[in-house]
Amino acid sequence: MLLSGAACASSSSVTTRLSDLNISVFDLTPDDGIQSTFAITDSSTTISAYVGNGTQQWLQELSPSAAATVDAAGLASASQAAWGGKFGGFDLTSNSASNGTMASTYVTQRITLTLAPHTGLVAEGWLSMTGHQATAQSTWVQEVYIDLMPSNSAGYGEYRFKKRATSWPTGEFDSNQPITMSFVNTSDVARNVYFSLNGHTFVNTVGLVPEPSTYAMLGAGLLALGLHARRRRTR
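Okay, so the sequence shown: first residue is 2 according to our numbering, each after it adds one.
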């Protein structure tokens with residue numbers, strides 16, 4: 002029987018939501034006659050979902066031009082990843098209700114901003130994260146990384162904002178918090194600023210004595226996680 006995420010009432014689950022992201026600018030030198038503006042010159046969004054149950058592996062990746070929601074259903078496990086069609090928001094959910102299953106979701110959003118001279122930029126949003134551990138054998142992880150850096154930075158990896166939660170030690174997690182990030186262009190020329198959002202949820206339910214197929218499933222899932230993390234940090 003295939004169950005959706007909503008149907009897994011007794012499942013271990015994790016949800017990560019980033020919403021209401023707003024980007025605004027302010028003038029550092031109001032009397033210089035230069036208008037404080039920004040322009041988005043490049044953007045991309047990638048979302049994917051993964052479900053594994055020892056004998057079945059399912060992974061799908063969507064481009065922004067495809068459907069805005071992924072729903073990957075396996076045996077008593079499900080993953081959903083959605084975004085609102087614009088930069089600055091995503092909704093990730095993973096559920097796992099039976100031994101030997103795992104589910105995960107990923108989202109990566111990137112834009113390049115061209116910021117006018119003598120202009121400050123502020124990005125504000127809201128982050129909600131919840132986690133529920135249904136059994137002692139299950140584990141979950143959720144994380145959000147946000148970069149806001151100028152074009153002359155050494156590269157990705159130094160996150161301006163990082164939030165990570167795991168099922169250890171309590172098994173339960175519920176957090177709601179505002180996010181505020183800023184960057185100031187004090188130079189006399191326009192500058193490019195790279196803005197990157199990364200979100201990830203992961204749930205794993207393993208039996209007390211895992212079957213050999215479960216070890217294979219775990220290996221495949223961890224490989225997928227590692228490859229995705231490497232791509233995220235090196236782009």
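Backbone N, C-alpha and C define an ideal beta-carbon position, used for all residues, glycine too. These figures come from a predicted structure and were not determined experimentally.
Taking a C-beta distance under 8 Å as the contact criterion, residue 122 and residue 24 qualify as a contact pair. Of the other Cβ atoms in all chains shown, fewer than 16 fall within 10 Å of the Cβ of residue 86; this residue is therefore exposed.
About 13 Å separates the beta carbon of residue 99 from that of residue 14, a gap too long to meet the 8 Å contact definition.
If you compare the alpha carbons of 149, 188, 18 with that of residue 82, the shortest gap goes to 18. At a Cβ-Cβ threshold of 8 Å, residue 16 and residue 131 count as neighbours.
If the five residues before and after residue 125 are omitted, its C-beta is found closer than 6 Å to the C-beta atoms of 23, 181, all from its own chain and listed in chain order. Residue state for residue 33 is assigned as helix, using DSSP reduced to three classes. Taking the Cβ atoms as the reference, residue 117 lies roughly 5 Å from residue 38, within the contact range of under 8 Å. Residue pairing by DSSP places residue 179 opposite 127 in a beta bridge. The criterion of a C-beta distance shorter than 8 Å is satisfied by residue 167 and residue 141. Residue ranges of uninterrupted beta strand (DSSP E) with 3 or more members, entirely inside the segment 83-167 and ordered along the chain, are 91-97, 102-116, 120-133, 139-151, 162-167.
Closest by C-alpha distance to residue 184, out of 173, 169, 192, is 192.
It is roughly 18 Å from the alpha-carbon of residue 165 to the alpha-carbon of residue 139.
The beta carbon of residue 188 sits closer than 7 Å to those of 118, all from its chain and outside the five residues before and after it, given in chain order. Excluding sequence positions up to five before and after residue 111, its CB lies within less than 6 Å of the CB of 45, 197, all in the same chain and listed in chain order. Secondary structure of residue 191 (DSSP, three-state): coil. Only residues of its own chain outside the window of five on either side were considered, and among them 117, 118, 119 have a CB closer than 7 Å to the CB of residue 35, listed in chain order. Note that the C-beta distance between residue 202 and residue 143 is below 8 Å. Here residue 91 has 19, 84, 108, 200 as same chain residues with Cβ atoms under 6 Å from its own Cβ, once five neighbours each way along the sequence are excluded.
Distance from residue 104 to residue 137 at the Cβ level is roughly 18 Å; contact not present, criterion being Cβ atoms closer than 8 Å. With a cutoff of 8 Å on beta-carbon distance, residue 190 and residue 149 are scored as not near each other. When secondary structure is reduced to three states using DSSP, residue 11 falls in the coil class, being assigned neither helix nor strand.
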